[in-house]
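Notes follow the structure.
In my numbering, the protein residues as written are 355 to 681.
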């Protein structure tokens, strides 16, 4: 088998490729950037190109001839989607259009996994502890959520009209080792690393810590995606979540305990989101019915993230990357 991961330099791509490494499969990543050392999986081939360039996509698909595709490449930040709504819609929708059209032409028998998001559920008028199910209609509040809801509709068009095998996952918030510092939990982990090891001022800057999210480890999401793509019928949609919520404050306080430092918290309006969803929880029953369940505890996830962030910063400094990168 030949397995393609678009956006393979992200945390989820890293863990999918890592999980499949050592098998007899040929592994490929396709993205617009070369991996940093902490993003690279030995045994995978990293290809560069522009998902919004049909020529690049066709040439890549002809080279890889994938049997399985994990489409992760996207603009994945809700905050950035407010600042760059056109770019978000273009990458997340038109990038998927170019990929699916290329698959239709080059490898129409390939199985395709599309990464959607729990953000498409938006707010609910039900009680606050409601667990979102896959049959709930999209109710997007952000440009990012809209782009993912549109992506699902587009993929269903290709599935219905062209017979492509497409399945969908809607992960709820995930974190863990190799997660980008663009997101709140790894951003705080990075700040704690600088405080503990590099003499930074003991102040944590963040947005609101009182929103609640269903949070699981990125490695559980990667494992679930592999299992679902191998087992699910075309057109099926699966939540990947644990069915319970944590406030961001609880998670941050746990991370501070892991780092074993004393800090003060400061609100940074730069992290604040408009139309924040106060609580978002999912129902994992459908995925659990095919044998998947989250297995990595929150404590282990945060500990592994912190320890990996320590190593990541050491590699950056060794490579002369003194500035605060966003990776």
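By construction, the Cβ of each residue, glycine as well, lies at the ideal position given by its N, Cα and C atoms.
All values derive from a computational prediction rather than experimental measurement.
Measure the C-alpha to C-alpha separation of residue i and residue j and round it to an integer number of angstroms.
i, j, result
"residue 502", "residue 440", "13 Å"
"residue 622", "residue 580", "37 Å"
"residue 644", "residue 490", "20 Å"
"residue 504", "residue 470", "10 Å"
"residue 438", "residue 430", "12 Å"
"residue 657", "residue 613", "9 Å"
"residue 380", "residue 444", "30 Å"
"residue 669", "residue 546", "17 Å"
"residue 654", "residue 576", "16 Å"
"residue 374", "residue 463", "20 Å"
"residue 584", "residue 397", "21 Å"
"residue 674", "residue 436", "33 Å"
Relative to the alpha-carbon of residue i, which residue among the options has its alpha-carbon at the smallest distance?
i, options, result
"residue 520", "373, 621, 590", "590"
"residue 510", "406, 451, 436, 371", "451"
"residue 386", "558, 364, 499, 380", "364"
"residue 499", "355, 515, 582, 474", "474"
"residue 455", "413, 662, 485", "413"
"residue 616", "588, 395, 558", "558"
"residue 578", "355, 397, 361, 369", "369"
"residue 434", "624, 479, 668, 631", "624"
"residue 389", "376, 380, 403", "403"
"residue 586", "355, 398, 659, 468", "468"
"residue 551", "666, 627, 639", "666"
"residue 432", "633, 627, 652, 661", "627"
"residue 483", "633, 661, 651", "633"
"residue 411", "436, 528, 401, 453", "453"
"residue 605", "360, 480, 528, 401", "528"
"residue 532", "609, 661, 620, 652", "661"
"residue 360", "674, 479, 401, 436", "401"
Taking the CB atoms as reference points, tell me whether residue i and residue j lie closer together than 7 Å.
i, j, result
"residue 526", "residue 472", "yes"
"residue 449", "residue 405", "yes"
"residue 523", "residue 594", "yes"
"residue 565", "residue 530", "no"
"residue 568", "residue 635", "yes"
"residue 418", "residue 358", "yes"
"residue 497", "residue 442", "yes"
"residue 485", "residue 637", "yes"
"residue 395", "residue 372", "yes"
"residue 378", "residue 362", "no"
"residue 488", "residue 672", "no"
"residue 563", "residue 602", "yes"
"residue 513", "residue 588", "yes"
"residue 355", "residue 421", "yes"
Got a sec? Which residues, its chain only, sit under 6 Å from residue i by beta carbon, not counting five neighbours each side?
i, result
"residue 460", "415, 416"
"residue 476", "493, 494, 495"
"residue 648", "570, 574, 596"
"residue 548", "554"
"residue 631", "477"
"residue 447", "501, 504, 505"
"residue 663", "543, 544, 547"
"residue 629", "495"
"residue 685", "Lying before the first or after the last residue shown, residue 685 is absent from the chain, which here runs from 355 to 681."
"residue 756", "The structure shown does not extend to residue 756, since the chain is modelled only from 355 to 681, so the question has no answer here."
What are the start and end residues of the alpha helix (DSSP H) that includes residue i?
i, result
"residue 603", "602 to 613"
"residue 427", "Residue 427 -> no alpha helix (DSSP H), and no H or E assigned at all."
"residue 547", "538 to 552"
"residue 589", "Per DSSP, residue 589 belongs to no alpha helix (DSSP H) and is neither H nor E."
"residue 369", "365 to 374"
"residue 449", "449 to 460"
"residue 670", "652 to 672"
"residue 649", "Taken as a continuous stretch (DSSP letters only), residue 649 belongs to no alpha helix (DSSP H), as it is neither H nor E."
"residue 412", "408 to 418"
"residue 511", "497 to 516"
"residue 640", "639 to 642"
"residue 483", "Where residue 483 is concerned, there is no enclosing alpha helix (DSSP H), given that its DSSP letter is neither H nor E."
"residue 441", "439 to 443"
Identify, in the order they occur along the chain, each residue of the same chain with its Cβ nearer than 7 Å to the Cβ of residue i, setting aside the five sequence neighbours on each side.
i, result
"residue 466", "423, 425, 457, 518, 519, 520"
At which residues does the beta strand (DSSP E) containing residue i begin and terminate?
i, result
"residue 380", "380 to 385"
"residue 402", "398 to 402"
"residue 619", "618 to 621"
"residue 571", "569 to 571"
"residue 467", "465 to 469"
"residue 358", "356 to 360"
"residue 520", "519 to 525"
"residue 636", "633 to 636"
"residue 560", "557 to 560"
Does the ligand COA have even one heavy atom less than 6 Å from the beta-carbon of residue i?
i, result
"residue 581", "The ligand COA is not among the ligands present in this structure, which contains no ligands whatsoever."
Here's a check: name, in chain order, each residue in its chain whose Cβ is nearer than 8 Å to the Cβ of residue i, leaving out the five neighbours to either side.
i, result
"residue 582", "467, 521, 523, 590, 592, 641, 644, 646"
"residue 556", "549, 615, 616, 617, 618"
"residue 608", "652, 653, 656"
Chain B beta carbons: is any one of them nearer than 7 Å to that of residue i?
i, result
"residue 429", "Absence of chain B from the displayed structure is noted, only one protein chain being present."
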